[in-house]
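> Structure incoming, see below.
Protein chains: 2
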Amino acid sequence: MRIEQFVELSEGEWKSMRSGHSLAFQQFEQVVSKIKINSISPNNPEVLEILNSTNNVGCNLVSPFRINWQAESDWDSNETSQVSNGVCILIPIPISSTSGKMLRSVGYAEEINATSNYCFLSDGTLTLTTNYDQTIAEERIWFVSNNVRCRSSVIRTLQGSGILQTSYASEIRKLKA
Amino acid sequence: MRIEQFVELSEGEWKSMRSGHSLAFQQFEQVVSKIKINSISPNNPEVLEILNSTNNVGCNLVSPFRINWQAESDWDSNETSQVSNGVCILIPIPISSTSGKMLRSVGYAEEINATSNYCFLSDGTLTLTTNYDQTIAEERIWFVSNNVRCRSSVIRTLQGSGILQTSYASEIRKLKA
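Quick note, the sequences are listed as chains G and B, same order.
So for the first sequence, this note's numbering puts the first residue at 1; every next one is plus one.
So for the second sequence, this note's numbering puts the first residue at 1001; every next one is plus one.
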């Protein structure tokens, strides 16, 4: 699996069912989201801005893409649901055919610009590792059919190997009417 | 990763947080379980019985083990919790250093004797594929630390590629007092 192929397979609209596991407190969280994944031009102004601010101008990027998401969580002190949404630009910069780095306009575990390292496992599973200020996020994404992909994450503390939480999402492609 | 090493790392008592995703109905299930994993002797009478009933007497088995589990689910029409428990004997029979078959006294998706094919991915993730009468179960298990492992599954219909449900468990080792 190459990153450009993975991005192509991921393009479209997805409905996501996501479960979060807080290990210390043994708490479950459930979130239903809509996710849109779209390729964007390497010359998109936002792409150029990220390349510029991270000193990556002139790098050999491939298949930059945008993720829009809208989430509805059940986890709220008032037991009413929370709605949140966001957008993230991702820019893969391959180092080999199966690995590289990925620039992100917004991080997964902390809301700052972030650079992930990605690597494909032998079965085409994409793994992403991102170091933040306080935490390390490890994600893996794999297709179980053309229209269903799974995504898991582990958040661990930067100091020591404490694991704060894990999550898992089943993402189902919204088929065109 | 070799299967005997994987079994050794898995031995002990685990507390499991498991989330099930029913894709067609967009329903979540949450289950908290206790799991005990113990090596057993290749000469254990139950092992010999499984080898006998599956015509595998004389095969090159390694590291047979027993899983005991006790689960408490929230998924019940009366909204009271259900408690269930069970036991399963598993017998790995390697074909190569990274793959083989695994005999099971009780299947994962259907409660009958089952034979899985197992294979390790490049990062040591164990994948298991089991064909049942009506369904195919695909599981993957990976360690994120010595004391936390993750387990995901996908159940698909044997006819066509319909995916019925997925699940994900975070398993935390119960440390000795």
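Glycine residues also receive a C-beta, built at the ideal position from the N, C-alpha and C atoms.
1. Using a C-beta to C-beta distance shorter than 8 Å, which residues of chain G count as neighbours of I1163/B?
2. Closest by CA to D133/G, which one among T127/G, S152/G and T157/G?
3. Classify E11/G as helix, strand or coil using the three-state DSSP reduction.
4. Do you know how far the Cα of E138/G is from the Cα of V1144/B?
5. Would DSSP call S1122/B helix, strand or coil?
6. So, using beta-carbon positions, are M1/G and G124/G closer together than 7 Å?
7. At a Cβ threshold of 7 Å, is L1158/B touching chain G?
8. By the 10 Å Cβ neighbour count, where 16 or more other Cβ atoms means buried, how is G1160/B classified, buried or exposed?
9. Name, in chain order, the residues that DSSP records as bridge partners for T115/G.
10. As an exercise, report each continuous beta strand (DSSP E) stretch of at least 3 residues that is fully enclosed by the stretch 1001–1045 of chain B, in chain order.
11. Does the beta-carbon of G1020/B have 16 or more other beta-carbons within 10 angstroms, so that it is buried, or is it exposed?
12. According to DSSP, is S1053/B helix, strand or coil?
13. Determine, for F1028/B, whether the minimum Cβ-Cβ distance to residues of chain G falls below 7 Å.
14. Rounded to whole angstroms, what is the Cα-Cα separation between N1113/B and V1047/B?
15. Let me know the secondary structure DSSP gives L1090/B once reduced to three states.
16. For S1084/B, is the classification buried or exposed, using 16 other Cβ atoms within 10 angstroms of its Cβ as the cut-off for buried?
17. List the endpoints of the continuous beta strand (DSSP E) containing T1157/B.
18. Among the candidates F1028/B, S1053/B and L1090/B, whose CA atom is the shortest distance from the CA of N1068/B?
19. Can you check DSSP and say which residues form a bridge with N1068/B?
20. Taking Cβ positions only, does L121/G come closer than 7 Å to chain B?
21. Kindly say whether V154/G, judged by its beta-carbon, lies nearer than 7 Å to any beta-carbon of chain B.
22. So, are the CB atoms of M102/G and S116/G less than 7 Å apart?
23. Residues in its own chain within less than 7 Å of Q165/G by CB, not counting five upstream and five downstream?
24. Can you tell me whether V1047/B is helix, strand or coil according to DSSP?
25. Counting along the chain, where does the beta strand (DSSP E) carrying L164/G start and finish?
26. Once you ignore the five residues that flank L1061/B on each side, which residues in its own chain have a CB closer than 7 Å to its CB?
27. Would you please state the rounded distance, in angstroms, between the beta carbons of R140/G and L126/G? I believe it to be under 8 Å.
28. Quick check on the DSSP output: the beta strand (DSSP E) that includes I1141/B runs from which residue to which?
29. Does the ligand PLP have a heavy atom nearer than 6 Å to the CB of I40/G?
30. Look up T1129/B in the DSSP assignment and give the residues it is bridged to.
31. Thinking C-beta only, is F65/G closer than 7 Å to V106/G?
32. Which residue's Cα is closest to the Cα of S71/G: E49/G, N55/G, S97/G and Q30/G?
33. Nearest to T1135/B by CA position, among S1153/B, C1119/B and R1149/B, is which residue?
34. Cβ of T1129/B less than 7 Å from any chain G Cβ?
Judging by the given coordinates:
1. Neighbours of I1163/B on chain G, chain order: V144, S145 and V148.
2. If we check each option's Cα against that of D133/G, T157/G comes out closest.
3. In the three-state DSSP reduction, E11/G falls in the coil class, being neither helix nor strand.
4. Rounded to the nearest angstrom, the gap between the Cα atoms of V1144/B and E138/G is 9 Å.
5. Annotated three-state conformation of S1122/B is coil, per DSSP.
6. M1/G is a Cβ neighbour of G124/G, given a cutoff of 7 Å.
7. Output row for L1158/B: interface = no.
8. Its Cβ having fewer than 16 others within 10 Å, G1160/B is exposed.
9. Its beta-bridge partners are L103/G.
10. The stretch 1001–1045 of chain B contains these whole beta strand (DSSP E) runs: 1012–1022 and 1027–1039.
11. Taking a 10 Å sphere around the C-beta of G1020/B, we find 16 or more other C-beta atoms and assign the residue as buried.
12. Note: S1053/B maps to helix in three-state DSSP.
13. Interface annotation, F1028/B: in contact with chain G, CB-CB separation under 7 Å.
14. Rounded to whole angstroms, N1113/B and V1047/B show a C-alpha spacing of 12 Å.
15. L1090/B: strand per DSSP, three-state reduction.
16. Exposed.
17. Annotation: the continuous beta strand (DSSP E) that includes T1157/B extends over V1148 to T1157.
18. For N1068/B, the nearest C-alpha among the options comes from L1090/B.
19. Answer by DSSP bridge pairing, in chain order: K1036/B and V1087/B.
20. At a cut-off of 7 Å between beta-carbon atoms, L121/G makes contact with chain B.
21. Yes, V154/G counts as interfacial toward chain B.
22. Yes, the Cβ-Cβ distance between M102/G and S116/G is below 7 Å.
23. G20, H21, S22, L23 and I155.
24. Here V1047/B sits in helix by DSSP.
25. Unbroken beta strand (DSSP E) run through L164/G: I163 to R173.
26. Correct list, in chain order: P1042, I1091, P1092 and I1093.
27. Taking 8 Å as the upper bound for CB-CB distance, R140/G and L126/G are in contact here, some 7 Å apart.
28. Run containing I1141/B: T1135 to S1145, per the beta strand (DSSP E) assignment.
29. Of the ligands one can find in the structure shown there are none, so the ligand PLP has no counterpart to examine.
30. Looking at the DSSP output, T1129/B sits in a beta bridge with N1117/B and E1138/B.
31. No.
32. First, the amino acid is wrong: residue 71/G is Ala here, not Ser. Here the closest residue by C-alpha is Q30/G.
33. With distances taken between Cα atoms, T1135/B lies closest to S1153/B.
34. Among the CB atoms of chain G, none fall inside 7 Å of the CB of T1129/B.
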